[in-house]
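Asker:
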Amino acid sequence: MSSVMDKPFAITLDVGSSLANKTGSWRTARPVYLDRLPPCNHQCPAGENIQSWLNLAEEKQYEAAWRKIMEENPFPAIMGRVCYHSCEGACNRGKIDLPVGINSVERFLGDQALKHGWRVEPGKPTGKKVMVLGAGPGGLAAAYHLARLGHQVSVFEASPKAGGMMRYGIPKYRMPREKLNAEIARIKDMGVAIRVDSKVADVAQTIKDEGFDACFLAAGLQNGRRVEIPQTGEGSQKIAVLDAVSVLRAVELEEPVALSGRVVVYGGGNTAIDVARSAIRLGALSVTVVVLESREQMPAHHEEIKEGLEEGIHLVNLRQINAIDGKRLTLETMVSGAGRELVHTGQTETIEADVLVQALGQTGDYAALANLRGIVMRDGAVQVGTDLMTGARGVFAGGDMIPSQRNVTAAIGLGKKAARNIDAYLRAEQTAPKAKAEIADISRMNTRYYSDAPRTVRPVLDVVRRTSGFAEIVGNLDEETAVFEARRCMSCGNCFECDNCYGVCPDNSVIKLGPGKRFAFNYDYCKGCGICAAECPCGAIKMVPEDI
Amino acid sequence: MDQQVKFYQTGTFTVGNRLLAPEQRSVQADMARTNSLNSGHRACQGCGEALGARYAIDAAMRACDKQLIAANATGCLEVFSTPYPETSWQIPWIHSLFGNTAAVATGIAAAMRVKGRKQVRVIAQGGDGGTTDIGFGCLSGMFERNDDVLYICYDNEAYMNTGVQRSSATPPAARTATTMPVGPEPGNVFGQGKNVPRIAMAHGIPYVATATVADLRDLEYKVKKAINIRGAKYIHIFVPCPLGWGAASHDTIKLAHLAKECGLFPVFEAEHGELTRVSKIRKPVPVEEYMKPQRRYAHLFGKQPALDIIAKIQARADRNIKQYGLLEQGEH
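As structure tokens, then:
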């Protein structure tokens, strides 16, 4: 330091910077960055990181976004059509205006991949062989993930084509076959062997014969469950009674199906609605869906019910079919009891019908599992542990065969989970489930920062065109609309680099690390005011009390 | 400022936005911003004035290519930034008396003109005490002579660094050290008020604007516009004070936002005495929502809320909404 005599008049001290004053010592709470779990990701049965791929789609990085989906789910184009997108029900944006059209964007990305021929490479070969029983969504998803992990996979499929219920249970108007075929072909191209028309008689024997190191059972529930209804009447006066699984299978195989005249479908699930909508397309005179439950309690997805009603199906809720007398069905009125159980009233009415299709659930065929030692069956389902391994060592099970949500997306999620556990089993590793981050509840967010923008409604073909054939009925988003839709995502709980924390700190204590690198706090000067946490739009900053 | 870019997740509501081109982003989003008011200053936690000053001066520094000198009235901003010999300022900066900062800035502008350094821009800044009370004569003179100075008032509605005494910018019913919540009319009186932005407009100077720390893009736009105009300019920035208002330190920006949304603080700009643009209210809120988080109004929200007083304050907000046309058409 220079002496006082060297300084100008009236100046006695050198000029110093306030950086000497470490105001961080004032702090009683410190801000920390964290990634909270977005409700959409939390909800997704396939465990997709939706927020993350929307973030890439927002930047028009479509291939990267698609690859992010492919880390969890090999069927974006299929998902974009048949997934019931419960993620949108959980979407925080729905509490502000309307949920983000996640499903539409996923479909857009899936179609982009098919258009550009993006592929996924298999992993480095491990020399291990895995058998997969059933080429449905669960089996194929497992095969895909196992191939990415470097295992050699053989999928055994009893039907002439792969796809399972995605092909034989979901009609073409919801799932165009060229998209289905293309996404399955992409898995085949990774070296997965899919053996069609190959019904396995004895799984244990096949494992032994071909020397598989592990097996994944995902054969699904192939048979329609039928209830016995007393029936009278002869010859032309007799009503035809079919089951939904056979009907949908016949529609797919373009076999003649007797869905003409007055069609009655019995059941309240998605399969019942699929049959009813197919019947309309096949030219039925009238289509009535008789449902035991009330409209609110029907298991079918509300969008399918809505679209079905628009196409002209009739819905009769709270009725049980008691008897079939010639072409006349006797329906008994039911009422909801105190709980969710249904109570008989004894009141009946009759309706006329030419065809009755039972859609009251499905059952599996477990003959091939008989020789697997240790396998446990309960209530018509294979019992598994948390790692999806059955009682038989090295044999895992998933999809509709085990107690689960029993839809395509859930099956894909189980396929992925099984693949990871099979991989761990083959490597003789223990997998501890990762602790889940806390959920990004909307109360942790500051939503005033988001732009107002209406949801881009998917163009829907008009009802007339839809019912006249099996053409796909929900239209696509074009690129511009898809990107706007993606940008409605609020990135709940995950930093999207809006720079708010960097801007709003009165003490310059947030360090911007540059694009893609997010931010850091300078605790030397941070006074712990909490403005950064309060003004973070997505809730990615938390105030943590200091130990004082 | 109204939303300029829609559909881009947060558009221009947030400080930055990775989806916008760099030139569309704010000055504060820039990794190379001046940081005019550096870390280590002694402002309280969550200080709105520290934030407003950095916003404004950083924007001015970019707009005039760092050819800037600032004069600063005594007050919080000067005390917390520059306890001799330390300073947080990273610009040429001079401390004036409490009441003469407009005159000092006028002198600097005159000196620059004489020296032929026309590119150098001059800012005078102070709090509401130094502006609306003590420095008011010098300020009016600067306006009247149309001196080439941008005067920025950081309004936190009382004398904060001396212990929260009332100023002529203190709102009615607010508790301060000198307007205690006792007697039949607790808190500050319902007077005529002294609306300095409108008084500035009455001088007919080239540019007058108001802004808040809750709308950064609007604030930066106004500073950038003002700094490039020759003649007298006045910008009045609303800066919540957690200490003086009895508010949580993390609520600073929220309170500034609510003050604008409820209508108590109209955000507008005016040229040559004429109102030219107002920031519309995006989502109207009652004044209670703004007042309740502040302990300076706590006496109005006890067991028996002072509904008559709250109604009088709401009436002031409603008058602003009508006078400035703060609501979008069809929102009444």
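So the protein sequences, as listed, match chains A and B.
Numbering (the numbering used here) for the first sequence: 180 to 727.
Numbering (the numbering used here) for the second sequence: 148 to 479.
All C-beta atoms in this analysis are idealised placements derived from N, C-alpha and C, irrespective of residue type, glycine included.
Just verifying my parser: in three-state terms, what is the DSSP assignment at A/H264?
Answerer: coil
Asker: Can you name the residues of chain A whose CB is closer than 8 Å to the CB of B/N303?
Answerer: Per Cβ cutoff of 8 Å: no residues; B/N303 is ~13 Å from chain A at best.
Asker: Using the C-alpha atoms, what's the distance from A/K613 back to A/L640?
Answerer: Here A/L640 scores only 47 on pLDDT, less than 50, and its place in the model should not be relied on; the value that follows carries that caveat. Those two C-alpha atoms are separated by around 43 Å.
Asker: Given a limit of 8 Å on CB to CB distance, which residues of the segment 234 to 252 of chain B reach chain A?
Answerer: T234, S235
Asker: So which residues of chain A does B/P440 contact, with C-beta pairs closer than 8 Å?
Answerer: The contacting residues do not exist; B/P440 stays about 12 Å from chain A at best.
Asker: Keeping to the same chain, check which residues put their C-beta closer than 8 Å to that of A/A380; ignore five residues upstream and five downstream.
Answerer: A546, A547
Asker: Can you say whether A/R572 is buried or exposed, counting buried as having 16 or more other CB atoms within 10 angstroms of its CB?
Answerer: A/R572 is exposed by the Cβ-count criterion.
Asker: Cβ of A/C394 less than 7 Å from any chain B Cβ?
Answerer: no
Asker: So, with DSSP's three-state summary, where would you put B/F160?
Answerer: coil
Asker: Would DSSP call A/R209 helix, strand or coil?
Answerer: strand
Asker: Between which two residues does the alpha helix (DSSP H) harbouring B/K371 extend?
Answerer: 363 to 374
Asker: Which residues in the same chain as A/N600 place their Cβ atom closer than 8 Å to its Cβ, once the five residues preceding and following it in sequence are excluded?
Answerer: Excluding residues within five positions, the ones whose Cβ falls inside 8 Å are D566, L567, M568, F575, T610.
Asker: Out of curiosity, what's the CA-to-CA distance linking A/G525 and A/N496?
Answerer: Each residue's alpha carbon lies about 16 Å from the other.
Asker: So, with DSSP's three-state summary, where would you put A/F731?
Answerer: The structure shown has nothing for residue 731 of chain A, since chain A only spans 180 to 727.
Asker: For the ligand GTP, is there any heavy atom lying closer than 6 Å to the beta carbon of A/L488?
Answerer: In terms of ligand content, the structure shown is empty, and the ligand GTP therefore cannot be addressed.
Asker: Can the beta-carbon of B/G199 be found closer than 7 Å to that of B/V425?
Answerer: no
Asker: Considering Cα atoms alone, identify which of B/R377, B/F415, B/A417 is closest to B/Q266.
Answerer: B/R377
Asker: Return the bridge partner residues of B/H383 from the DSSP annotation.
Answerer: B/C300, B/T357
Asker: Taking C-beta to C-beta, are B/L405 and B/E435 nearer than 7 Å?
Answerer: Going by C-beta atoms, B/L405 is not nearer than 7 Å to B/E435.
Asker: At what residues does the alpha helix (DSSP H) containing B/L402 begin and finish?
Answerer: 399 to 409
Asker: Taking only beta carbons into account, state which residues of the segment 156 to 187 of chain B come closer than 8 Å to chain A, listed in chain order.
Answerer: Listed by position along the chain: Q156, T157, G158, F160, T161, V162, G163, N164, R165, L166, R172, S173, Q175, A176, M178, N182, L184, N185, S186, G187.
Asker: Give, in chain order, every unbroken run of the beta strand (DSSP E) that is at least 3 residues long and sits entirely within the segment 188 to 239 of chain B.
Answerer: 215 to 219
Asker: Using 8 Å for Cβ pairs, my map puts A/I257 next to A/K340. What's the rounded Cβ distance?
Answerer: Going by Cβ atoms, the distance from A/I257 to A/K340 rounds to 14 Å, so no, they are not a contact pair.
Asker: If you measure from the beta carbon of A/G718 to each beta carbon in chain B, is any gap under 7 Å?
Answerer: no
Asker: Compare the beta carbon distance of B/N303 and B/E225 with 7 Å and say whether it is the shorter of the two.
Answerer: no
Asker: How would you write the range of the beta strand (DSSP E) that A/V514 sits in, first residue to last?
Answerer: 507 to 515
Asker: Provide the residue span of the beta strand (DSSP E) that contains B/F337, from first to last.
Answerer: B/F337 -> no beta strand (DSSP E), and no H or E assigned at all.
Asker: Skipping 5 residues on each side, what residues in its chain have a beta carbon closer than 6 Å to that of B/A403?
Answerer: These residues qualify, in order along the chain: T359, V360, A361, F385, P387.
Asker: Spell out the partners DSSP gives A/V444 in its beta bridges.
Answerer: A/V468, A/V536
Asker: In whole angstroms, give me the CA-to-CA distance for B/G273 and B/K407.
Answerer: 21 Å
Asker: Which stretch, first to last residue, makes up the alpha helix (DSSP H) that contains A/D381?
Answerer: Per DSSP, A/D381 lies in no alpha helix (DSSP H) segment and is marked neither H nor E.
Asker: Output the distance between the C-alpha atoms of A/E433 and A/R260, rounded to the nearest integer angstrom.
Answerer: 22 Å
Asker: Taking the straight line between their C-alpha atoms, what separation do you get for B/L167 and A/R666?
Answerer: 12 Å
Asker: Do A/L213 and A/K615 come within 7 Å of each other at the CB atom, strictly closer than that value?
Answerer: no
Asker: Does the CB of A/V723 have a neighbour CB from chain B at under 7 Å?
Answerer: no
Asker: Among the residues of its own chain, which have a CB less than 7 Å from the CB of A/D686, if the five just before and after it don't count?
Answerer: The residues are T202, Y704, C705, K706.
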